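S.K.:
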Amino acid sequence: MRLSVVGAGPAYSDRIGAVGACYLLEAGGASMALDLGHGAFAGLAARVAPERLTTIFVSHLHPDHFIDLVPLRHWLRNEVRPRARVRVDGPAALLERIDALHDLPGFAGAALDLAPLTVGSRTVDLFVLELARVRHTDDSWAVRVSTGGAAPGLVYSGDIGDAAGLAPLVRAGDVLLVEASFGPGPVPADAEHLDGPAIGRLAATRRPGRVLLTHMLPGVDPQATVATVRESFDGPVELVAPGTVVEV
């Protein structure tokens with residue numbers, strides 16, 4: 001699989017060009033996106049025809065992870081002939097949330113087919129998705145994506161308040177794409193997010209082949225964050241940004 005980072009930003013940023021969470025996975029002619037946050041649709045469409053996406057995984061119902069489903073919906077309805085539909089693997093209330101934004105029942109369902117997330121595994125085209133609930137909102141999810149068999153996979157955290165929630169998904173040699181909102185830490189008591197030390201402890205026990213840090217808040221020191229992960233984990237650690245490409 002190939003991972004292309006479309007957007008790696010948090011819910012807000014003062015950095016020009018910052019884009020919400022969106023990560024494109026491609027394998028054997030199939031493609032899927034992990035989240036589709038604010039400003040990400042154009043970058044995704046520049047890399048793959050949106051109507052050809054196998055699915056979009058939405059980790060939770062915060063707008064910086066799903067709001068660009070709105071321009072995707074418009075694209076599918078207005079720019080593609082014959083009109084196309086795209087599958088979305090996401091929280092059960094996702095389409096209702098988008099409909100409420102527009103005060104128009106059926107708005108999202110006109111182009112998007114929701115497959116509600118449940119604990120366990122599912123196969124979507126060439127991709128095997130292993131899903132686990134995580135602590136962040138009442139309906140937040142992490143996912144391991146692979147092409148099956150013994151090959152390494154990619155584990156994506158979404159937003160998460162307890163690194164231990166990722167442990168059931170991470171296998172030795174996997175790529176771990178994980179939010180590091182609070183950088184070197186500490187995480188405030190009322191914030192359901194991660195910092196470098198928590199990620200390092202998880203990686204030290206689960207032994208991913210590579211750790212990719214994303215979703216960092218403004219003002220966070222990237223190098224200090226990487227250093228705190230490396231205090232516990234001796235494998236490769238790096239910060240991703242739009243344009244980063246990784247072979248999984």
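The numbers in this note's numbering rise by one with no breaks, and the one at position 61 of the sequence shown is 61.
Beta carbons are placed, not taken as given, at the ideal position from N, Cα and C, and that holds for glycine.
None of these values were measured; they are calculated from a predicted model.
Measure the CB-CB distance between Gly158 and Asp35 and report whether it falls below 9 angstroms.
M.R.: The count along the sequence shown starts at 1 and reaches residue 158 at position 158. The count along the sequence shown starts at 1 and reaches residue 35 at position 35. Their beta carbons are under 9 angstroms apart, which means Gly158 touches Asp35 by this criterion.
S.K.: Can you tell me whether Ser121 is buried or exposed? The criterion is at least 16 other CB atoms within 10 Å of its CB, across all chains shown.
M.R.: Along the sequence shown, read from residue 1 onward, the residue named residue 121 stands at position 121. Ser121 should be labelled exposed.
S.K.: Taking the beta carbon of Ala142 as the centre, do at least 16 other beta carbons fall within 10 Å, making it buried, or is it exposed?
M.R.: Position 142 of the sequence shown, counted from the start, is the residue given in the question as residue 142. Burial call: buried.
S.K.: Within the continuous alpha helix (DSSP H) that includes Asp99, where are the two ends?
M.R.: Locating residue 99 in the sequence shown gives position 99, counting from the first residue. Here the alpha helix (DSSP H) through Asp99 covers 94-102.
S.K.: Is Phe233 closer than 9 angstroms to Gly200 when the C-beta atoms are compared?
M.R.: Taking the first residue of the sequence shown as 1, we reach residue 200 at position 200. Taking the first residue of the sequence shown as 1, we reach residue 233 at position 233. Result yes, Cβ atoms of Gly200 and Phe233 sit closer than 9 angstroms.
S.K.: Compute the minimum distance between the beta carbon of Ser146 and the heavy atoms of the ligand FAD, and state whether it is under 8 angstroms.
M.R.: Looking at this structure, you won't find the ligand FAD or any other ligand, since it has none at all.
S.K.: Since Val5 contacts Gly243 with CB under 8 angstroms, what's their CB separation in whole angstroms?
M.R.: Walking along the sequence shown from the start, residue 5 turns up at place 5. Walking along the sequence shown from the start, residue 243 turns up at place 243. Indeed, because the Cβ distance is near 7 angstroms, the residues count as touching under 8 angstroms.
S.K.: When you compare only the Cα positions, how much space is there between Ala132 and Ile160?
M.R.: The count along the sequence shown starts at 1 and reaches residue 132 at position 132. The count along the sequence shown starts at 1 and reaches residue 160 at position 160. One C-alpha to the other measures close to 11 angstroms.
S.K.: Check the DSSP bridge columns for Ala30 and list the partner residues they point to.
M.R.: As a position in the sequence shown, residue 30 is number 30, starting the count at 1. Beta-bridge pairing links Ala30 to Ala27.
S.K.: Can you find the residues in the same chain that come closer than 6 angstroms, C-beta to C-beta, to Phe57, ignoring five residues on each side of it along the sequence?
M.R.: Position 57 of the sequence shown, counted from the start, is the residue given in the question as residue 57. The residues are Leu34, Asp89, Val143.
S.K.: So, with DSSP's three-state summary, where would you put Ile56?
M.R.: To locate residue 56, count along the sequence shown from 1; it is residue 56. Strand.
S.K.: Near Gly173, what residues of its chain come up, given a Cβ to Cβ distance below 8 angstroms and the 5 sequence neighbours on each side ignored?
M.R.: Working through the sequence shown from its first residue, we reach residue 173 at position 173. Excluding residues within five positions, the ones whose Cβ falls inside 8 angstroms are Pro152, Arg207, Pro208, Gly209.
S.K.: If you draw a straight line from the C-alpha of Ala241 to the C-alpha of Leu177, how long is it?
M.R.: Your numbering for residue 241 matches position 241 in the sequence shown. Your numbering for residue 177 matches position 177 in the sequence shown. One C-alpha to the other measures close to 12 angstroms.
S.K.: Can you tell me where the alpha helix (DSSP H) holding Leu154 begins and where it ends?
M.R.: In the sequence shown, counting from the first residue as 1, residue 154 sits at position 154. Unbroken run through Leu154 is the beta strand (DSSP E), 154-156; no alpha helix (DSSP H).
S.K.: Mapping DSSP to helix, strand and coil, what is Ala115?
M.R.: Translated into the one-based positions of the sequence shown, residue 115 becomes position 115. It is a strand residue.
S.K.: What residue does the beta strand (DSSP E) around Asp89 start on, and which one ends it?
M.R.: Counting from one through the sequence shown, the residue named residue 89 turns up at place 89. Per DSSP, Asp89 belongs to the beta strand (DSSP E) from 86-90.
S.K.: Val240 by DSSP, collapsed to three states: which one?
M.R.: Mapped onto the sequence shown, residue 240 falls at position 240. Note: Val240 maps to coil in three-state DSSP.
S.K.: Mind checking Pro82: buried by the 16 CB within 10 Å criterion, or exposed?
M.R.: For the purposes of this step, residue 82 is taken as residue 82 along the sequence shown, with counting starting at 1. When all chains shown are included, Pro82 counts as exposed.
S.K.: If distances are taken between C-alpha atoms only, which option among Ala18, Asp221, Val124, His102 comes closest to Leu7?
M.R.: Locating residue 7 in the sequence shown gives position 7, counting from the first residue. Looking at the sequence provided, one finds Gly at residue 7 rather than Leu. The candidate whose alpha carbon is nearest that of Gly7 is Ala18.
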